[in-house]
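*Asks:* Residue numbers (the numbering used here), protein chains in the order written: chain A, 1 to 18; chain B, 19 to 263.
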């Protein structure tokens, strides 16, 4: 079952000025 | 004689502190958007508080990303550190805001709103009320220790770089960060508060109390989540589950 994409991971990988 | 220097680590952390007015403005805008929804979608007071905590978490993640040492870690380690300490950082953020607010009979929210302790006692359940009172006790204790902004930013960094976190890829870097921050806090307190010989140890003892209080707050929030009272699909819920999965 595909794991829910982590919001925290998205935030940490987002470009600095996002 | 010239005032003692401020250690380099603390100077850097002071520069990384988020702009409080900017954080406040963003969270207020977000909550107003929430309240602008149709009546049936509108959040309860508790739901709004959760939304406020969720938005505060976003600014905490942004702060962490800008932190020395933290930005050198891989995302996997960054996630482990934040999943370990998110509730402590929320509690510590709340406590420091009350320290600056300086009123025992009311609580200052990140939105700038002031809530009377009597209103919390009347509306919040006994568990939440007890948590708020415990936080107020911690505020008084930190006030008596004369905690200043330099110590606050250093303590916040020590919360983030906790050695309790297991299975880190780069444990050496986390240990180095911890040791540098501990040394900076010891140097700063000894240099600036020579009359409070035990201040360094007292401050670390307060961190342990913040940890204990945050664990209770997480338990309370998880209980509210199980009863469906916490808005889902947000960072707060993901962090709440992170330790349980």
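For every residue, glycine included, the Cβ atom is placed at its ideal position computed from N, Cα and C.
Predicted model only: the values in this text are computed from it and were never measured.
Need the endpoints of the alpha helix (DSSP H) that residue 84/B sits in, please.
*Replies:* Taken as a continuous stretch (DSSP letters only), the alpha helix (DSSP H) holding residue 84/B covers 63–84.
*Asks:* In the region 104–170 of chain B, which residue ranges form an unbroken alpha helix (DSSP H) of at least 4 residues, counting only runs that do not cross its ends?
*Replies:* With a minimum length of 4 residues, the continuous alpha helix (DSSP H) runs that stay inside the region 104–170 of chain B are 135–141, 144–162.
*Asks:* Restricting to Cα atoms, I'd like to know which of 238/B, 210/B, 205/B, 80/B is closest to residue 20/B.
*Replies:* The residue with the shortest Cα to Cα distance from residue 20/B is 210/B.
*Asks:* Taking residue 131/B as the reference, give the member of 32/B, 27/B, 185/B, 116/B with the closest Cα.
*Replies:* Selected option, being the one with the closest Cα: 116/B.
*Asks:* Let me see if you follow: with CB-CB separation under 7 Å, is residue 256/B close to chain A or not?
*Replies:* Yes, its Cβ sits closer than 7 Å to a Cβ of chain A.
*Asks:* Determine the direct distance from the alpha carbon of residue 258/B to that of residue 244/B, and round the result to whole angstroms.
*Replies:* Computed Cα separation, rounded: 11 Å.
*Asks:* Cutting at 8 Å between CB atoms, please list the residues of its own chain near residue 156/B, excluding the five before and the five after it.
*Replies:* Closer than 8 Å at the Cβ level, and outside the excluded window around residue 156/B, lie 113, 224, 227, 228, 231.
*Asks:* Report the rounded CA-to-CA distance for residue 93/B versus residue 144/B, giving the unit in angstroms.
*Replies:* Looking at the two C-alpha atoms, the distance is approximately 39 Å.
*Asks:* The alpha helix (DSSP H) with residue 202/B in it runs from where to where?
*Replies:* Residue 202/B -> alpha helix (DSSP H) spans 189–210.
*Asks:* Please tell me whether residue 135/B and residue 118/B are closer than 7 Å, where the distance is taken between their beta carbons.
*Replies:* Going by C-beta atoms, residue 135/B is not nearer than 7 Å to residue 118/B.
*Asks:* Kindly list, in the order they appear in chain A, the residues whose Cβ is closer than 8 Å to that of residue 79/B.
*Replies:* Those are 8, 11, 12, listed as they occur along chain A.
*Asks:* Taking only beta-carbon positions, decide if residue 33/B is within less than 7 Å of chain A.
*Replies:* False, the Cβ-Cβ gap to chain A never drops below 7 Å.
*Asks:* With 7 Å as the threshold, decide whether the Cβ of residue 93/B is near any Cβ in chain A.
*Replies:* Yes, because at least one Cβ of chain A sits closer than 7 Å to the Cβ of residue 93/B.
*Asks:* Which word fits residue 237/B, buried or exposed, when buried means at least 16 other C-beta atoms lie within 10 angstroms of its C-beta?
*Replies:* It counts as exposed.
*Asks:* When you compare only the Cα positions, how much space is there between residue 184/B and residue 221/B?
*Replies:* Going from the Cα of residue 184/B to the Cα of residue 221/B covers about 24 Å.
*Asks:* Which term fits residue 190/B, buried or exposed, when burial requires 16 or more other beta carbons within 10 angstroms of its beta carbon?
*Replies:* Exposed: under 16 other Cβ atoms inside 10 Å.
*Asks:* Pick from 54/B, 49/B, 77/B: whose alpha carbon is nearest that of residue 64/B?
*Replies:* Selected option, being the one with the closest Cα: 49/B.
*Asks:* Are the beta-carbon atoms of residue 30/B and residue 86/B separated by less than 7 Å?
*Replies:* Cβ distance < 7 Å, so residue 30/B and residue 86/B count as in contact.
*Asks:* From residue 10/A to residue 96/B, what does the alpha carbon distance come to, in whole angstroms?
*Replies:* Approximately 12 Å between the Cα atoms of the pair.
*Asks:* Quick check on residue 1/A: does DSSP put it in helix, strand or coil?
*Replies:* With a pLDDT of 45 at residue 1/A, under the threshold of 50, the predicted position of this residue should be treated as unreliable, though the coordinate-derived value follows. Three-state result, residue 1/A: coil.
*Asks:* Below 8 Å CB to CB, which residues in the same chain sit around residue 149/B once its five sequence neighbours on both sides are set aside?
*Replies:* Result list for residue 149/B: 231, 234, 235, 238, in chain order.
*Asks:* Here's the rule I'm using: 16 or more other beta-carbon atoms within 10 Å means buried, otherwise exposed. How should residue 101/B be labelled?
*Replies:* Buried, by the Cβ-count rule.
*Asks:* Over the uninterrupted alpha helix (DSSP H) stretch that includes residue 184/B, give me the two end residues.
*Replies:* Per DSSP, residue 184/B belongs to no alpha helix (DSSP H) and is neither H nor E.
*Asks:* Going straight from the alpha carbon of residue 213/B to that of residue 260/B, what length do you get?
*Replies:* In a straight line, the C-alpha of residue 213/B is about 43 Å away from that of residue 260/B.
*Asks:* Here's the rule I'm using: 16 or more other beta-carbon atoms within 10 Å means buried, otherwise exposed. How should residue 140/B be labelled?
*Replies:* Residue 140/B is exposed by the Cβ-count criterion.
*Asks:* What is the residue span of the alpha helix (DSSP H) that residue 47/B lies within?
*Replies:* Looking at the DSSP string, the run of the alpha helix (DSSP H) that includes residue 47/B is 38–53.
*Asks:* How many Å lie between residue 15/A and residue 159/B at the Cα?
*Replies:* Approximately 40 Å, taken between the alpha carbons.
*Asks:* Residues in the region 112–143 of chain B with C-beta within 8 Å of chain A's C-beta atoms, listed in sequence order?
*Replies:* Against chain A - using a Cβ distance shorter than 8 Å - the region 112–143 of chain B contributes no residues.
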